[in-house]
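>
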Amino acid sequence: SSTQPQAYRASLLHFHADPAFHADAHAWHEDGLLVVADGKVRAAGDYASLHVTLPPGCTVHDYSGKLIMPGFIDTHVHYPQTEMIASPAPGLLPWLETYTFPTERRFDDPAHAADVAEFFLDELLRCGTTTAMVYCSVHAASVDAFFAASEKRDLRMVAGKVLMDRNCPEFLRDTAESGVSDSEALIQRWHRRGRALYAITPRFAPTSSDAQLRLAGELARAYPDTFVQTHVSENRDECAWVQRLFPQARSYLDVYDQVGLLRPRAMYGHCIWLDDGDRARMADSGAAAAVCPTSNLFLGSGLFDFDRADRAGMLLSLATDVGGGTSFSMLQTMNEAYKVARLSGSYLPALRMFYLATLGAARSMQLEGTIGNFAAGAEADFIVLDAQATPLLQRRSAHCDSLEELLFALALLGDDRAVAATYAAGRRVHAREAA
Ligand code: GUN
Ligand code: ZN
Numbered sequence: 040s041s042t043q044p045q046a047y048r049a050s051l052l053h054f055h056a057d058p059a060f061h062a063d064a065h066a067w068h069e070d071g072l073l074v075v076a077d078g079k080v081r082a083a084g085d086y087a088s089l090h091v092t093l094p095p096g097c098t099v100h101d102y103s104g105k106l107i108m109p110g111f112i113d114t115h116v117h118y119p120q121t122e123m124i125a126s127p128a129p130g131l132l133p134w135l136e137t138y139t140f141p142t143e144r145r146f147d148d149p150a151h152a153a154d155v156a157e158f159f160l161d162e163l164l165r166c167g168t169t170t171a172m173v174y175c176s177v178h179a180a181s182v183d184a185f186f187a188a189s190e191k192r193d194l195r196m197v198a199g200k201v202l203m204d205r206n207c208p209e210f211l212r213d214t215a216e217s218g219v220s221d222s223e224a225l226i227q228r229w230h231r232r233g234r235a236l237y238a239i240t241p242r243f244a245p246t247s248s249d250a251q252l253r254l255a256g257e258l259a260r261a262y263p264d265t266f267v268q269t270h271v272s273e274n275r276d277e278c279a280w281v282q283r284l285f286p287q288a289r290s291y292l293d294v295y296d297q298v299g300l301l302r303p304r305a306m307y308g309h310c311i312w313l314d315d316g317d318r319a320r321m322a323d324s325g326a327a328a329a330v331c332p333t334s335n336l337f338l339g340s341g342l343f344d345f346d347r348a349d350r351a352g353m354l355l356s357l358a359t360d361v362g363g364g365t366s367f368s369m370l371q372t373m374n375e376a377y378k379v380a381r382l383s384g385s386y387l388p389a390l391r392m393f394y395l396a397t398l399g400a401a402r403s404m405q406l407e408g409t410i411g412n413f414a415a416g417a418e419a420d421f422i423v424l425d426a427q428a429t430p431l432l433q434r435r436s437a438h439c440d441s442l443e444e445l446l447f448a449l450a451l452l453g454d455d456r457a458v459a460a461t462y463a464a465g466r467r468v469h470a471r472e473a474a
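Quick note on numbering: the sequence shown equals residues 40 to 474 in our numbering.
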């Protein structure tokens, strides 16, 4: 039996194509209505035409003056690094040694893992992020803690146990065999339970032996509908290290390719120092890039090349990479992505950035139709944005002459304060306190 629909009145924005390659890629209803029933989208369109179709007595929640869009999707983030965000270090490798590994060590304690998982998910929801691809720690129990917290909120989350069996402190090592058998047990426990999805998660090539990478590739073949996530070509010192560790590989990306880890539903963090051969392999294999601008600027890793990625036809998405990233907000992530694009000679319109943070990410994860837009039957994960959230946003938005200008102001000036409410599976999971 189906429950009474709920309707939400506001301006509506969502995408059905990539605005970089298609005209009319977005749907915009200035006075719109989103109709939700049983946690799914039933309809999205103009208020005038849709409200007459509602059953008598159906509640219309009035968010007039605000903007409803699909929840943001953050395709690369480390929940165990929540408490070490904004830890300074001269580059990736010293940052990992000094802060990351000691911080992740504490996730051997399930109570600590549960505490951080709860805070982390509340912080995502405050920022309007309803789906994320999440790295847990090397400890299998850190995955249980994460998915338990996610299940309580009924969130569409992808996560996995980090695999690392060398070149890291003894206290964080699994083995090639235990890493893969723990991952398989976690797949059986969590993958497709409720809204949970599992990602096979080798940390990055330097911390996995050849044997571990090979076994991870076999697991990815045995469970083709699971996800894969790792880091690639983030930092120049890291790239040089991979070249020394894997002298037979054509490139850093090729290390993963040779063991079968390039495939649809594989999410590669950073992708800064790829060559055009790598970009072509990314596109052909159906793997996707998670572009992490706040992290790349913070750690001095480099500038993602949007034009070359687009010319190769790569699947793209945006991600925070917290704790390397400096904000949980996908709006702040767009702000930095825009500047990174400018510095590498590209241009990212605001519409493209909002596409990348919603439908673009869903496509990168092969989840179009499930999340990322308001197609009928999609899961009702959505956010209410407030372009009047701060005195400055209020001033600026009063002078916006187009949707593009309004979205641009929200991306450049907005953060968690601009998120008035967040809904997951049709339930409100965050409401901003009145100012
Ligand atoms: N490369 C390997 N591990 C990590 C990590 O935790 N964060 C980032 N940004 N890069 C990595
Ligand atoms: Zn990362």
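Ideal Cβ positions, reconstructed from N, Cα and C, are used throughout, including at glycine.
1) For Leu390 versus Leu354, is the C-beta distance shorter than 8 Å?
2) What I want to know is whether the C-beta of Arg242 ends up closer than 7 Å to one or more non-hydrogen atoms of the ligand GUN.
3) Looking only at C-alpha atoms, which of Pro241, Tyr307, Asp204 and Ala179 sits nearest to Ala224?
4) Beta-carbon distances below 6 Å to any heavy atom of the ligand ZN define the shell here; list its residues in chain order, please.
5) Mind checking who Ala224 pairs with in its DSSP beta bridge?
6) In angstroms, rounded to a whole number, what distance separates the CA positions of Asp317 and Leu258?
7) Near Ala59, what residues of its chain come up, given a Cβ to Cβ distance below 6 Å and the 5 sequence neighbours on each side ignored?
8) Assess, as a yes-or-no matter, whether the region 276–286 is touched by the region 343–362 under the definition of 3 or more beta carbon pairs within less than 8 Å.
9) Do Ser272 and the ligand GUN come close, with the Cβ less than 7 Å from some heavy atom?
10) Would you decide whether Ala87 is buried or exposed? Buried here means 16 or more other CB atoms lie within 10 Å of its CB.
11) Let's see if you can read the secondary structure: which residues bound the beta strand (DSSP E) around Tyr47?
12) Check the C-beta distance from Gly104 over to Met369 and give it rounded, since I have them as a contact under 8 Å.
13) Measuring alpha carbon to alpha carbon, tell me which residue in Gly233, Arg234 and Cys175 is nearest Leu211.
14) Which two residues bound the contiguous beta strand (DSSP E) that contains Leu354?
15) Between the Cα of Ala380 and those of Leu194, Asn412, Thr397 and Arg347, spot the shortest distance and give me the residue it belongs to.
16) In chain order, what residues of the same chain have a beta carbon less than 6 Å from the beta carbon of Tyr262, not counting five sequence neighbours either side?
17) Quick check: does the Cβ of Thr139 come within less than 7 Å of any heavy atom belonging to the ligand GUN?
18) Quick test of the definition: if touching needs 3 or more C-beta pairs under 8 Å, does the region 238–254 touch the region 197–208?
19) Tell me the DSSP secondary structure of Phe393 in three-state form.
20) Please return the same chain residues whose Cβ sits closer than 6 Å to the Cβ of Ala428, not counting the five positions on each side in sequence.
21) Going by alpha carbons, who is nearest to Glu197 out of Ala49, Ile311 and Thr169?
22) What are the boundary residues of the alpha helix (DSSP H) that includes Phe210?
23) Can you tell me whether Ala428 is helix, strand or coil according to DSSP?
24) What residue does the beta strand (DSSP E) around Val361 start on, and which one ends it?
25) Nearest by alpha-carbon distance to Ala215: which of Ile239, Ala463, Glu209 and Ser247 is it?
26) Over what stretch of residues does the alpha helix (DSSP H) that includes Phe140 continue unbroken?
27) Can the beta-carbon of Ala419 be found closer than 8 Å to that of Val116?
28) If you follow the beta strand (DSSP E) that Trp67 is in, where does it begin and where does it stop?
29) Please report the residue range of the alpha helix (DSSP H) in which Leu301 lies.
30) Heavy atom of the ligand GUN less than 7 Å from the Cβ of Leu313, yes or no?
31) In whole angstroms, what separates the C-alpha of Ala319 from that of Glu277?
32) Could you spell out the range, first to last residue, of the beta strand (DSSP E) harbouring Gln268?
33) Inspect the CB distances between the region 359–377 and the region 326–333 and report whether three or more fall short of 8 Å.
Taking the definition as stated:
1) Here the question's residue 390 lines up with position 351 in the sequence shown. Here the question's residue 354 lines up with position 315 in the sequence shown. No, Cβ-Cβ distance for Leu390 and Leu354 is not below 8 Å.
2) In the sequence shown, the residue the question calls residue 242 occupies position 203. Because some heavy atom of the ligand GUN lies under 7 Å away, the Cβ of Arg242 counts as near it: yes.
3) Looking up residue 224 in the sequence shown gives position 185. With distances taken between Cα atoms, Ala224 lies closest to Ala179.
4) These are the residues, in chain order, with a beta carbon less than 6 Å from any non-hydrogen atom of the ligand ZN: His115, His117, His270, Gly308, Asp360 and Gly363.
5) Your numbering for residue 224 matches position 185 in the sequence shown. DSSP, once it has assigned bridges, lists no residue as partnering Ala224.
6) Along the sequence shown, read from residue 1 onward, the residue named residue 317 stands at position 278. Along the sequence shown, read from residue 1 onward, the residue named residue 258 stands at position 219. For the pair Asp317 and Leu258, the Cα-to-Cα distance works out to about 23 Å.
7) Here residue 59 refers to the residue found at position 20 of the sequence shown. Taking C-beta separations shorter than 6 Å and ignoring five residues to either side along the sequence, the partners of Ala59 in its chain run Arg391, following chain order.
8) No contact exists between the region 343–362 and the region 276–286.
9) Position 233 of the sequence shown, counted from the start, is the residue given in the question as residue 272. For the ligand GUN, not one heavy atom lies less than 7 Å from the Cβ of Ser272.
10) Translated into positions along the sequence shown, residue 87 becomes position 48. Per the 10 Å Cβ criterion, exposed.
11) Position 8 of the sequence shown, counting from 1, holds the residue named residue 47. Counting along the chain, the beta strand (DSSP E) containing Tyr47 begins and ends at Gln45 to Phe54.
12) Here residue 104 corresponds to residue number 65 of the sequence shown, with the count starting at 1. Here residue 369 corresponds to residue number 330 of the sequence shown, with the count starting at 1. About 22 Å separates the two Cβ atoms, so there is no contact after all.
13) To locate residue 211, count along the sequence shown from 1; it is residue 172. The candidate whose alpha carbon is nearest that of Leu211 is Cys175.
14) Indexing the sequence shown from 1 puts residue 354 at position 315. Counting along the chain, the unbroken beta strand (DSSP E) around Leu354 starts and ends at Leu354 to Leu357.
15) Indexing the sequence shown from 1 puts residue 380 at position 341. The alpha carbon of Ala380 has as its nearest neighbour, out of Leu194, Asn412, Thr397 and Arg347, the alpha carbon of Arg347.
16) Looking up residue 262 in the sequence shown gives position 223. So the qualifying residues of the chain are Ile226.
17) By 1-based counting over the sequence shown, the position of residue 139 is 100. It does: the Cβ of Thr139 is within 7 Å (strictly closer) of some heavy atom of the ligand GUN.
18) The region 238–254 is in contact with the region 197–208.
19) Working through the sequence shown from its first residue, we reach residue 393 at position 354. Three-state result, Phe393: helix.
20) Numbered from its first residue, the sequence shown carries residue 428 at position 389. If you ignore the 5 residues before and after Ala428, its C-beta comes within less than 6 Å of the C-beta of Arg456 and Ala457, all in its own chain and listed in chain order.
21) Translated into positions along the sequence shown, residue 197 becomes position 158. Correcting the residue type first, residue 197 is Val in the shown sequence and not Glu. Taking each of Ala49, Ile311 and Thr169 in turn and checking the Cα distance to Val197, the smallest one comes out for Thr169.
22) To locate residue 210, count along the sequence shown from 1; it is residue 171. Looking at the DSSP string, Phe210 is not in any alpha helix (DSSP H), and its letter there is neither H nor E.
23) Within the sequence shown, residue 428 is the residue found at index 389, counting from 1. In the structure shown, Ala428 sits in coil (DSSP, three-state: anything other than H, G, I, E or B).
24) Your numbering for residue 361 matches position 322 in the sequence shown. In the DSSP assignment, Val361 falls outside any beta strand (DSSP E), carrying neither H nor E.
25) Position 176 of the sequence shown holds residue 215. Answer by Cα proximity: Ser247.
26) For this step, residue 140 is matched to residue 101 along the sequence shown. For Phe140, the uninterrupted alpha helix (DSSP H) segment begins and ends at Phe140 to Arg144.
27) Residue mapping note: residue 419 aligns to position 380 of the sequence shown, counting from 1. Residue mapping note: residue 116 aligns to position 77 of the sequence shown, counting from 1. Cβ atoms of Ala419 and Val116: not closer than 8 Å.
28) Start at 1 with the first residue of the sequence shown, and residue 67 comes out as number 28. Looking at the DSSP string, the run of the beta strand (DSSP E) that includes Trp67 is His65 to Ala76.
29) Here the question's residue 301 lines up with position 262 in the sequence shown. Here Leu301 belongs to no alpha helix (DSSP H), and DSSP marks it neither H nor E.
30) Position 274 of the sequence shown, counted from the start, is the residue given in the question as residue 313. With a threshold of 7 Å, the Cβ atom of Leu313 does not count as near the ligand GUN, since no heavy atom of the ligand is closer than that.
31) By one-based count along the sequence shown, residue 319 stands at place 280. By one-based count along the sequence shown, residue 277 stands at place 238. Taking the straight line joining both Cα atoms gives about 22 Å.
32) As a first step, residue 268 is located in the sequence shown; it is residue number 229 there, counting from the start. Start and end: Phe266 to Val271.
33) Cβ pair count under 8 Å is three or more, so yes.
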